[in-house]
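Residue numbers (the numbering used here): 1111 to 1346.
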């Protein structure tokens, strides 16, 4: 079955949800690209502080990523970062720039509107870095490949497993079990769509599409995905 890729951009104005997105970006140290319409030059930083009650963000320079060659000035800028599966964009003003011997930091007005963009066949939601949802792949015999989910949609997921085995793109793994926080387990076949091997950490990252999932399991999974999406509006 072919899945149509749909462009989806959400305009977020709810303060709690904006705070949650920015906090996730700060917690995961997501690189932020700072630019303006008048120049093709970009400055790179990460959110180091959220001063919500002062209406400000503090963004610290990422060293050795070209920022030292670009002079950051005050004024209206575009800010862009990528969480798992989505792009986050907003416009704000740089109000103050502080340079130290090691790096540059800038104060930015707290955004009141954030654009949240996906290009997927289904809504894909990333998990918090400290949130572990176990995923097991059942192999031949009694062998089980254990790992945890990184992001998920009703159609598929991206998961990290704790050892490296031989899997090929387009291979269909017979049983994938996801242990949901509700205590329920959903099962399906998993068609492998992408692989990344980290030899140093002994980890295998698998991106796959669910196949032949039972209706009750699909309903349970859909409720889980929806609950994850709602947590974007609940600062942690």
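From the three backbone atoms N, C-alpha and C, an ideal C-beta is built for every residue, glycine too.
In three-state terms, what does DSSP make of residue i?
i            : result
residue 1182 : coil
residue 1325 : helix
residue 1140 : coil
residue 1332 : helix
residue 1133 : helix
residue 1269 : strand
residue 1203 : strand
residue 1338 : helix
residue 1292 : coil
residue 1263 : coil
residue 1168 : strand
residue 1209 : strand
residue 1128 : helix
residue 1121 : strand
residue 1343 : Because the pLDDT at residue 1343 is just 44, under 50, the model does not fix this residue reliably, and the value given afterwards should be weighed accordingly. If DSSP states are grouped into helix, strand and coil, residue 1343 belongs with the helices.
Comparing alpha-carbon positions, which option in the options lies nearest residue i?
i            : options                : result
residue 1225 : 1333, 1334, 1128, 1325 : 1128
residue 1216 : 1252, 1222, 1172       : 1172
residue 1337 : 1309, 1310, 1292       : 1292
residue 1245 : 1287, 1187, 1227       : 1287
residue 1154 : 1295, 1189, 1310       : 1189
residue 1253 : 1209, 1273, 1264       : 1273
residue 1307 : 1135, 1214, 1200, 1279 : 1279
residue 1120 : 1187, 1186, 1146, 1223 : 1223
Alpha carbon to alpha carbon, how far is residue j from residue i? Give it in angstroms, no decimals.
i            : j            : result
residue 1260 : residue 1270 : 7 Å
residue 1206 : residue 1330 : 48 Å
residue 1300 : residue 1192 : 26 Å
residue 1166 : residue 1219 : 5 Å
residue 1298 : residue 1283 : 9 Å
residue 1157 : residue 1170 : 6 Å
residue 1255 : residue 1267 : 15 Å
residue 1327 : residue 1318 : 17 Å
residue 1137 : residue 1251 : 40 Å
residue 1305 : residue 1221 : 36 Å
residue 1133 : residue 1160 : 8 Å
residue 1321 : residue 1262 : 14 Å
residue 1295 : residue 1210 : 51 Å
residue 1196 : residue 1227 : 5 Å
residue 1275 : residue 1309 : 11 Å
residue 1142 : residue 1152 : 10 Å
residue 1333 : residue 1122 : 22 Å
residue 1144 : residue 1316 : 31 Å
residue 1125 : residue 1281 : 43 Å
residue 1208 : residue 1201 : 20 Å
residue 1212 : residue 1168 : 16 Å
residue 1131 : residue 1184 : 24 Å
residue 1140 : residue 1163 : 22 Å
residue 1214 : residue 1135 : 19 Å
residue 1146 : residue 1323 : 46 Å
residue 1335 : residue 1325 : 15 Å
Pop quiz: residue i and residue j are said to be a contact at Cβ under 8 Å. What is the actual Cβ separation, rounded to whole angstroms?
i            : j            : result
residue 1182 : residue 1204 : 7 Å
residue 1313 : residue 1243 : That pair is no contact at about 16 Å.
residue 1248 : residue 1285 : 4 Å
residue 1302 : residue 1264 : About 18 Å separates the two Cβ atoms, so there is no contact after all.
Is residue i near the ligand MG - that is, is its Cβ less than 7 Å away from at least one heavy atom of it?
i            : result
residue 1264 : Absence of the ligand MG from the depicted structure is noted, as is the absence of any ligand whatsoever, leaving it without description.
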